[in-house]
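Novice:
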Amino acid sequence: MSRLVVVTGAASGIGAAVRHLLEERGDRVLGVDLRDTEVTADLSTPDGRAQAVADVLEASGGVVDGVITCAGLSGSSPALPAVNFFGTTDLVSGLRSALAASPAPRVVLVGSISATQPVDQALVDALLAGDPDAADRATAAVLADGRPQQLYPSSKAALAQWARRTAVAPGWADAGISINVVAPGVVLTAMTASLVSDPKMKQVMDTAVPMPLHGYSAPEDIARVIGFLSSPELTHVTGQVIYVDGGAEATLRPASHF
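Residue numbering for the sequence shown follows the working numbering, beginning at 5 and increasing consecutively.
1. Per the contact definition of three or more C-beta pairs closer than 8 Å, is the stretch 191 to 208 in contact with the stretch 143 to 153?
2. Tell me the DSSP secondary structure of residue 182 in three-state form.
3. Within a Cβ cutoff of 7 Å, which residues of the same chain sit near residue 40, ignoring the five residues on either side of it in sequence?
4. Would you mind reading off the limits of the beta strand (DSSP E) that contains residue 71?
5. Is DSSP giving residue 221 helix, strand or coil here?
6. Quick check on the burial criterion: 16 or more other C-beta atoms within 10 angstroms. Buried or exposed for residue 113?
7. Going by alpha carbons, who is nearest to residue 84 out of 37, 129, 196 and 154?
8. Going by the CB atoms, is the gap between residue 187 and residue 126 shorter than 8 Å?
9. Does the distance from the C-beta atom of residue 34 to that of residue 61 stay below 8 Å?
10. Using 8 Å as the cut-off, can you tell me whether the stretch 123 to 139 makes contact with the stretch 186 to 200, which would need three or more C-beta pairs spanning the two stretches below that distance?
11. Kindly indicate which residue of 248, 23 and 116 has the alpha-carbon position closest to the one of residue 164.
12. Can you tell me where the beta strand (DSSP E) holding residue 8 begins and where it ends?
13. Hey, quick one: how far does the alpha helix (DSSP H) through residue 100 stretch, first residue to last?
14. Does DSSP put residue 92 in a helix, in a strand, or in coil?
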């Protein structure tokens, strides 16, 4: 049976690979991105996120079988936390009623192994509080302190925590909606191309994210796991963070952490 699945960041990288996989299995995809998708939206702004929700609801007729959030930023952009966190949580929350109308609703968020790295707690707290103004202030403080490298892990750590608490909150699991996170290691996309091509940055990256099983992944490797988690047959998995990282998380954290 064909399903309607919303995929953010569908124009490139992991999102494009997810789109290809879903369409190959017969699903209809509503892509959300800045360009080249069915829904054009800027997820860095509240108005852009609200418009994305409105456009998806109109195009879907109010029934959405899955939401997969691949859109994200890396680097030191002040917009990074807004896109990576609110660009997912506002969209998913805005589509909750449409998901609940599906017989087998599935939500899969793209997190990151970086969430296991040091974070800025003030930023994480502001994101989890759903306070964009406080998040902007915390982001500005991180940048002013010369810690831009903490923006990305902070946004992904907050996202994983949001998923785990929301998955079992009223209106989600009791409505049949599963929420899970796929946390990749290093994926060979345009986002990582400059790091991989720079020997010094590659050494830093390999130390931070050791991947003993098969090394770096392709977007398709992540897409296959997302496809599994978004399938209607997967009935009892929710609130989980699945590391697709070649063994990085198991290498970096003690075996007792599970």
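Cβ atoms here follow ideal geometry from the backbone N, Cα and C, with glycine treated the same way.
As the structure is a computational prediction, the values presented were derived from the model and not from experiment.
Specialist: Taking the definition as stated:
1. Because the criterion of three Cβ pairs below 8 Å is not met, the stretch 143 to 153 and the stretch 191 to 208 do not touch.
2. It is a strand residue.
3. Taken in chain order, the residues that qualify are 15.
4. 70 to 73 is the span of the beta strand (DSSP E), which, as asked, contains residue 71.
5. Residue state, collapsed to three classes: strand.
6. By the neighbour-count rule (16 or more Cβ atoms within 10 Å), residue 113 is buried.
7. Per the Cα distances, 154.
8. In this structure, residue 187 does not lie closer than 8 Å to residue 126 by Cβ.
9. In this structure, residue 61 does not lie closer than 8 Å to residue 34 by Cβ.
10. Cβ pair count under 8 Å is below three, so no.
11. The shortest C-alpha separation from residue 164 is found at 116.
12. Residue 8: member of the beta strand (DSSP E) spanning 8 to 12, first to last residue.
13. 100 to 104 is the span of the alpha helix (DSSP H), which, as asked, contains residue 100.
14. Residue 92 falls in the helix class under three-state DSSP.
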